[in-house]
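Here the structure comes first, spelled out in structure tokens, and everything after it is commentary.
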Amino acid sequence: MTGLYKSSIPKIMLEKINQTAEFLRSKVSEMPKIAIILGTGLGPIVDHMEEKTYIPYSEIPNFPISTVEGHSGNLIFGCLGNKRVIAMQGRFHYYEGYDMKQVTFPVRVFKALGVEILFVSNASGGMNKEFVVGDVMTITDHINLFPENPLRGKNYNELGTRFPAMTNAYDKELMALADKIAEEKGIRLMHGVYVGVTGPTFETPAEYEFYHIIGGDCVGMSTVPEVIVANHAGMRVYGISVITDLGGKDVTQVPTHEEVQQAALIAQPKCLEIMKELVNRC
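For the record, in the sequence shown the residue sitting at position 55 is 89 according to the working numbering, with numbers rising by one throughout.
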């Protein structure tokens with residue numbers, strides 16, 4: 035077996051990572067050091083990329099297939115500003131029926147390709163009373179309420195340590211740089227803690243209140259698994275949430291997926307400005 039991870043003992047997971055990485059190397063000559071996972075409604079950001087190579091997930095060995103509306107299902111290599119990046123136009127969710135190793139498999143492949151920095155974005159529901167729909171929020175930390183951890187099971191030292199610290203899961207230097215960019219661009223950039231839950235139901239008013247009581251500012255159905263694996267792999271991470279709806283005991287609006295997509299699209303220019311400048315200045 036050739037590739038980044040070698041062993042005399044058959045390791046199916048490592049073999050799959052290498053197989054997928056080698057396939058992508060055969061399609062793209064220059065591998066980026068930065069990867070971006072685009073959440074619900076944020077896929078059109080790739081329209082601002084140049085020199086693009088589209089590879090549908092369906093053509094990539096071992097890749098799952100995105101089944102959610104608003105997640106196109108393409109891996110895109112190209113330039114955002116003055117840097118080469120890999121962009122996931124659509125992610126995989128636990129609620130789609132995938133296990134956590136499938137959900138986070140692309141992050142493993144990114145590491146095998148040499149990616150050092152991972153940007154993650156998502157649409158989320160806000161509990162913080164200072165938030166309004168359309169706000170963007172730097173994720174400063176998260177609370178993991180998924181029933182399964184992506185690192186559960188046998189640990190391969192080739193991928194990371196058995197007990198990775200999550201003290202600095204989100205890179206403080208990247209957060210500070212995002213704040214500076216937002217100030218320069220006149221963008222209202224909030225800070226907060228993201229609560230990761232399984233979905234696919236939206237939260238009840240009581241659940242929104244509970245998540246806020248335990249320290250959360252927004253809640254969503256993704257991101258946390260990818261961030262755990264990125265930290266396990268030694269990547270730097272910056273996360274941003276678009277607040278697409280608000281919840282709590284005093285909120286009467288009933289959220290829909292269509293409204294979430296629309297709110298994400300409206301906030302997209304702000305995400306683009308921050309992401310593009312972060313990529314350029316990394």
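C-beta: ideal position from N, C-alpha, C; glycine also.
Below 8 Å on the Cβ atoms is my guess for residue i versus residue j; work out the distance and round it to an integer in Å.
i: I68; j: V119; result: 5 Å
i: P239; j: G281; result: 6 Å
i: P34; j: V137; result: With the chain covering only 35 through 316, there is no way to say anything about residue 34.
i: A157; j: G73; result: 5 Å
i: P66; j: F111; result: 7 Å
i: M255; j: T290; result: Actually they do not touch by this definition, with Cβ atoms about 15 Å apart.
i: G159; j: F236; result: 7 Å
i: I51; j: M122; result: So it is not a contact: roughly 16 Å between Cβ atoms.
i: Y132; j: P95; result: About 16 Å; that fails the 8 Å criterion.
Return the chain-ordered list of same chain residues with a C-beta closer than 8 Å to the C-beta of residue i, the five sequence neighbours on each side being excluded.
i: N162; result: M224, G226, H246, D251, C252
i: I115; result: First, the amino acid is wrong: residue 115 is Gly here, not Ile. Hits under 8 Å: K310, E311, V313, N314.
Please report how far the alpha carbon of residue i lies from the alpha carbon of residue j, in whole angstroms.
i: K214; j: R315; result: 11 Å
i: G187; j: R196; result: 10 Å
i: V276; j: T257; result: 13 Å
i: I177; j: V263; result: 15 Å
i: A203; j: T172; result: 13 Å
i: Q392; j: N189; result: Residue 392 is absent from the model: the chain starts at 35 and stops at 316.
i: E150; j: G268; result: 8 Å
i: H105; j: A297; result: Note that H105 scores a pLDDT of 48, beneath 50, so its modelled location is shaky; the value from the coordinates is reported in the next line. Each residue's alpha carbon lies about 15 Å from the other.
i: M134; j: E93; result: 21 Å
i: S41; j: E182; result: Because S41 sits at a pLDDT of 43, beneath the cut-off of 50, its placement in the model cannot be relied upon, and the point is left open.
i: I3; j: I308; result: Any property of residue 3 remains undetermined from this structure, which presents the chain solely from 35 to 316.
i: G124; j: S100; result: 6 Å
i: L58; j: P140; result: 12 Å
i: I274; j: Y129; result: 21 Å
i: E64; j: E292; result: 37 Å
i: L76; j: L306; result: 9 Å
i: E207; j: D81; result: 28 Å
i: I46; j: S60; result: 21 Å
i: L299; j: F153; result: 18 Å
i: G319; j: Q53; result: The structure shown does not extend to residue 319, since the chain is modelled only from 35 through 316, so no value can be given for it.
Could you tell me which of the options sits nearest to residue i, measuring between CA atoms?
i: D279; options: D169, E218, F244; result: D169
i: Y91; options: F139, G107, V263; result: G107
i: E218; options: E311, F97, L58; result: E311
i: S155; options: Y242, V261, T201, E84; result: V261
i: L109; options: E130, M47, V62; result: V62
i: K117; options: F97, V166, M83, E293; result: M83
i: L179; options: R125, L152, Y132, E241; result: E241
i: N265; options: E85, D81, T201, F244; result: T201
i: D284; options: E243, S60, P198; result: E243
Using C-beta distances below 7 Å, list every residue in its chain close to residue i, excluding the 5 sequence neighbours before and after it, in chain order.
i: A301; result: G168, V170, V276
i: K304; result: V170, I221
i: D205; result: R270, V271, Y272
i: L211; result: L312, R315
i: T174; result: Y204, M209, H225, G226, V227
i: Y126; result: Correcting the residue type first, residue 126 is Phe in the shown sequence and not Tyr. Once the five neighbours on either side are set aside, the close Cβ partners of F126 are P98, S100, Y132, Q136, V137.
i: A216; result: L223, I308
i: P198; result: N265, H266
Excluding sequence positions up to five away, which residues of its chain have a Cβ less than 6 Å from the Cβ of residue i?
i: N191; result: none
i: M209; result: T172
i: K7; result: Given a span of 35 to 316 for the chain in the structure shown, any question on residue 7 remains unanswerable.
i: F165; result: I277
Closer than 8 Å, CB to CB, is residue i near chain C or not?
i: V80; result: Included in the structure is just one protein chain, with no chain C present.
| request: Would you list, in sequence order, the uninterrupted beta strand (DSSP E) runs of no fewer than 3 residues that lie entirely inside the region 45–116? | output: You should have 68–72, 84–90, 108–114.
| Which ranges would you report for the alpha helix (DSSP H) in the region 166–243 if only whole runs of at least 4 residues count? | Residue ranges of uninterrupted alpha helix (DSSP H) with 4 or more members, entirely inside the region 166–243 and ordered along the chain, are 206–219.
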